[in-house]
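In our numbering, the protein residues as written are 28 to 346.
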């Protein structure tokens, strides 16, 4: 696979105009928080008069739920969202499903290996956590164990691949809602996994490669992914492609003040069967301060009431 051709094409796409995306995982039904993030990503793309891409992130096969991908497409369409490129409509960057892009990921991995930017690692999560003495819930910093001693990796043994993060010239990342993001990867996590020991590409790697090679230049996503920005920007920088504008939006909480989750059965559209799309749009828009009342509103009405600056300003109030 000729990676240079893909990189050149991605550069042209990125320069042609705004390109945003929404990238759900088919691990269950979308909850209202997922739908709100999708709505905000769509609003930004349409207000910027750009392209909106739908990408299905299905690499984590053990967590995938049968029928989830179709359900996600159905829910987004029911809400009234549309996209210019995606698994069901095609586009210049096909395929738009990660499990069908593995050959491309291998090409990028080879590119990094040839430049001595990757090393093998057999450290377990427990070993890294214990070595780093990280508090519970905090990402441990990889201590460089296998990088310092490559003999730990025995021939034929299962191992992960980590990216060497020192020496990457990463430009500052300014989020219009969150301000300047931390780009010190060595301080955040150190050399990080891009290819798992079970033969699956990591989330950080696949997302960065997809955003880079699809020419995505505007990423709107939940604030829980803010710490991913520096790792993904580093990978994109190593491909000599432009880093997107990252916009991390507030998460939607449930009635107990907890972030919504597919796993705990947070409210989905299936639980709102008697609602009309305009009512759900109104509730979502009201929940993040875009409108004053939780009343039915169409997507076109919402668009006409906003511009990029007012959208950012109203979201910032929610932080």
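The beta-carbon is built from N, C-alpha and C at its ideal position, and this holds for glycine as well.
Rounded to a whole number of angstroms, what is the C-alpha to C-alpha distance between residue i and residue j?
i           : j           : result
residue 308 : residue 149 : 47 Å
residue 204 : residue 279 : 16 Å
residue 99  : residue 56  : 7 Å
residue 154 : residue 130 : 31 Å
residue 237 : residue 141 : 20 Å
residue 318 : residue 106 : 17 Å
residue 229 : residue 91  : 15 Å
residue 124 : residue 79  : 15 Å
residue 120 : residue 38  : 12 Å
residue 69  : residue 136 : 31 Å
residue 333 : residue 196 : 36 Å
residue 82  : residue 66  : 15 Å
residue 109 : residue 305 : 15 Å
residue 346 : residue 166 : 23 Å
residue 199 : residue 32  : 28 Å
residue 122 : residue 101 : 19 Å
residue 132 : residue 331 : 40 Å
residue 86  : residue 266 : 21 Å
residue 210 : residue 257 : 5 Å
residue 44  : residue 54  : 32 Å
residue 222 : residue 30  : 18 Å
residue 88  : residue 126 : 9 Å
residue 128 : residue 134 : 10 Å
residue 71  : residue 47  : 8 Å
Quick check on the burial criterion: 16 or more other C-beta atoms within 10 angstroms. Buried or exposed for residue i?
i           : result
residue 28  : exposed
residue 241 : buried
residue 275 : buried
residue 112 : buried
residue 337 : exposed
residue 177 : exposed
residue 51  : buried
residue 152 : exposed
Please report the Cβ distance between residue i and residue j, rounded to the nearest whole angstrom; I am assuming they are in contact, meaning their Cβ atoms lie under 8 Å.
i           : j           : result
residue 323 : residue 303 : 7 Å
residue 269 : residue 244 : 6 Å
residue 212 : residue 192 : 4 Å
Counting only the same chain and skipping the five closest in sequence on each side, list residues whose C-beta sits under 6 Å from that of residue i.
i           : result
residue 235 : 259, 262, 263
residue 344 : 316
residue 321 : 309, 310, 313
residue 348 : The chain is shown only over 28 to 346; residue 348 falls outside these bounds and no answer can be derived.
residue 139 : 145
Quick one: residues in its chain with C-beta nearer than 8 Å to the C-beta of residue i, no 5 flanking neighbours on either side, listed in chain order?
i           : result
residue 41  : 242, 243, 244, 268, 269
residue 174 : 146, 148, 189, 191, 218
Under 7 Å Cβ to Cβ from residue i, same chain only, skipping five residues before and after it: list those, please.
i           : result
residue 326 : 107, 308
Segment contact, 8 Å Cβ cut-off, at least three pairs: the stretch 245 to 253 with the stretch 61 to 78: yes
Taking one C-beta from the stretch 85 to 105 and one from the stretch 205 to 222 each time, how about it: are there three or more such pairs within less than 8 Å? no
Quick check: the stretch 116 to 136 against the stretch 311 to 321, are at least 3 beta-carbon pairs closer than 8 Å? no
Can you confirm whether the stretch 133 to 149 touches the stretch 176 to 190 when touching is taken to mean that 3 or more C-beta pairs between the two stretches lie within less than 8 Å? yes
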